[in-house]
Amino acid sequence: MASPSYKFIHKLQGKRVLIFGGTSGIGYAVAEGCIEHDSTVIISGSNAAKLQTTAERLKSSYPSLPSSQVTTHACDLSNKETLESNVQALLSTITDGGKNKLDHVVFTAGDPRTLTSVSNFSIENFEKNQIVRNLAPLVIAKYLPQYLDKSPDSSYTLTGGFITTKPPPGFGLHAASGGLIEGISRGLAVDLAPVRVNVVAPGVIKTEALKGLPEQALAGLAGATTGKRLGRPEDVAEAYLYCMKDGFVTGSIIHSNGGRFML
Numbered sequence: 001m002a003s004p005s006y007k008f009i010h011k012l013q014g015k016r017v018l019i020f021g022g023t024s025g026i027g028y029a030v031a032e033g034c035i036e037h038d039s040t041v042i043i044s045g046s047n048a049a050k051l052q053t054t055a056e057r058l059k060s061s062y063p064s065l066p067s068s069q070v071t072t073h074a075c076d077l078s079n080k081e082t083l084e085s086n087v088q089a090l091l092s093t094i095t096d097g098g099k100n101k102l103d104h105v106v107f108t109a110g111d112p113r114t115l116t117s118v119s120n121f122s123i124e125n126f127e128k129n130q131i132v133r134n135l136a137p138l139v140i141a142k143y144l145p146q147y148l149d150k151s152p153d154s155s156y157t158l159t160g161g162f163i164t165t166k167p168p169p170g171f172g173l174h175a176a177s178g179g180l181i182e183g184i185s186r187g188l189a190v191d192l193a194p195v196r197v198n199v200v201a202p203g204v205i206k207t208e209a210l211k212g213l214p215e216q217a218l219a220g221l222a223g224a225t226t227g228k229r230l231g232r233p234e235d236v237a238e239a240y241l242y243c244m245k246d247g248f249v250t251g252s253i254i255h256s257n258g259g260r261f262m263l
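Last residue of the sequence shown: 263 (the UniProt record's numbering), numbering continuous.
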């Protein structure tokens with residue numbers, strides 16, 4: 001009997017996926033998901049030591065993983081003056097100057113927010129908070145056409161958040177910043193076509209970023225969902241995998257927030 005031809009579970013097999021911010025949290029879970037789909041994963045972050053630890057952690061979790069299937073490359077996205085040259089150097093290096101193109105790019109990178117309430121708004125601080133989360137994705141998009149396979153089966157997936165749609169009091173500037181990435185994604189879905197561009201907007205996910213929050217605060221965040229629990233990185237990672245696998249989704253915002261909008 002002939003072996004079945006799988007249409008669904010092999011969609012990412014052999015694909016080259018670049019993940020910005022894959023050393024922890026959601027990005028790390030996306031890397032795990034890609035490995036389990038038999039993709040080649042390239043993880044980029046700003047901290048070389050963390051990248052090394054991440055590679056070792058993945059290879060420990062998947063002992064039979066060939067060393068060539070996971071590579072890491074440092075790239076600092078926080079310096080506005082060197083942002084373009086850093087992105088160009090990374091993309092050129094991991095694709096051998098564009099000869100070995102990428103199939104998918106996932107952007108989950110972020111830095112600590114210093115935004116406060118609108119009453120304390122300053123232009124300088126607001127601009128500083130956009131470098132990694134909004135300017136870096138645009139710079140990457142500028143150079144992707146040289147390094148990403150131009151096909152509707154290729155994708156660029158960005159990261160937003162629930163606050164843009166349902167901001168709590170005092171989070172107006174966070175909502176404004178998040179709205180930028182949603183607008184960017186829609187514009188890029190047109191400008192980078194046929195490559196697909198989407199945004200995943202997670203709710204509160206139990207990652208390293210929540211360490212230090214008191215149990216009462218965590219319980220309150222969990223209580224704001226219909227399931228009464230926080231999201232897990234492996235939950236929301238499925239949304240990124242979906243955006244890579246569905247060759248007909250583009251210009252969309254994929255929400256994974258535990259029903260927060262229902263309450």
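Note that CB positions come from ideal geometry on N, CA and C, so glycine has one too.
Residue burial classification, residue 32 (beta-carbon count within 10 angstroms, cutoff 16): The residue is buried, with at least 16 neighbouring Cβ atoms inside 10 Å.
Rounded Cβ spacing between residue 236 and residue 202 (contact assumed at less than 8 angstroms): Right, the Cβ-Cβ distance comes to about 5 angstroms (below 8 angstroms), so this counts as a contact.
Limits of the beta strand (DSSP E) - the one that residue 202 falls within: Residue 202 -> beta strand (DSSP E) spans 196-202.
Beta-carbon proximity list for residue 154, same chain, < 6 angstroms, skipping 5 on both sides: Once the five neighbours on either side are set aside, the close Cβ partners of residue 154 are 103, 148, 195.
Start-to-end residues for the alpha helix (DSSP H) that takes in residue 178: Residue 178 -> alpha helix (DSSP H) spans 172-191.
CB-CB length for residue 166 against residue 260, believed under 8 angstroms: About 7 angstroms; that satisfies the 8 angstroms criterion.
Same chain only: Cβ atoms within 6 angstroms of residue 24, ignoring 5 sequence neighbours per side: So the list reads 208, once near-sequence residues are dropped.
Entirely enclosed alpha helix (DSSP H) segments - the segment 214-259, minimum 4 residues: Whole alpha helix (DSSP H) segments, 4+ residues: 215-223, 233-245.
Runs of beta strand (DSSP E) lying entirely within the segment 81-107, each at least 3 residues, in chain order: The qualifying runs are 104-107.
Buried versus exposed, by CB contacts within 10 Å (16 or more), residue 15: It counts as buried.
Where residue 123 falls, given that 16 or more other Cβ within 10 Å makes a residue buried: If you draw a 10 Å sphere on the C-beta of residue 123, you find fewer than 16 other C-beta atoms in it, and that means exposed.
Residue 141 vs residue 188 beta-carbon contact at 9 angstroms: Contact: yes.
Helix, strand or coil at residue 62 [DSSP, three-state]: The three-state secondary structure of residue 62, taken from DSSP, is coil.
At least 3 beta-carbon pairs within less than 8 angstroms: the segment 39-57 vs the segment 173-187: In short, these stretches do not touch, since the Cβ pair count stays below three.
Status (buried if at least 16 other CB within 10 Å, exposed otherwise) for residue 61: With a threshold of 16 other beta carbon atoms within 10 Å, residue 61 falls short and is exposed.
For residue 147, the three-state DSSP class (helix, strand or coil): It is helical.
Beta-bridge pairing of residue 16 - partner residues as DSSP gives them: Answer is 40.
Same chain, Cβ closer than 8 angstroms to residue 242, neighbours up to 5 away in sequence not counted: In chain order, 249, 254 place their CB closer than 8 angstroms to the CB of residue 242, counting only its own chain and leaving out the 5 sequence neighbours on each side.
Candidates 77, 75, 55, of which the one nearest residue 67 by Cα: Checked all of 77, 75, 55; the closest Cα to residue 67 is 55.
Straight-line gap, residue 51 to residue 101 (C-alpha atoms, nearest Å): Rounded to the nearest angstrom, the two C-alpha atoms are 22 angstroms apart.
Check whether residue 197 and residue 258 have beta carbons under 9 angstroms apart: Against a cut-off of 9 angstroms, the Cβ pair of residue 258 and residue 197 comes out as no contact.
Beta-carbon gap between residue 83 and residue 139 smaller than 9 angstroms: The Cβ atoms of residue 83 and residue 139 lie closer than 9 angstroms to each other.
Inter-residue spacing [alpha-carbon to alpha-carbon] between residue 93 and residue 69: The alpha-carbon separation between residue 93 and residue 69 amounts to approximately 16 angstroms.
CA-to-CA distance, residue 113 to residue 218, given in whole angstroms: Answer to the nearest angstrom: the Cα atoms are 19 angstroms apart.
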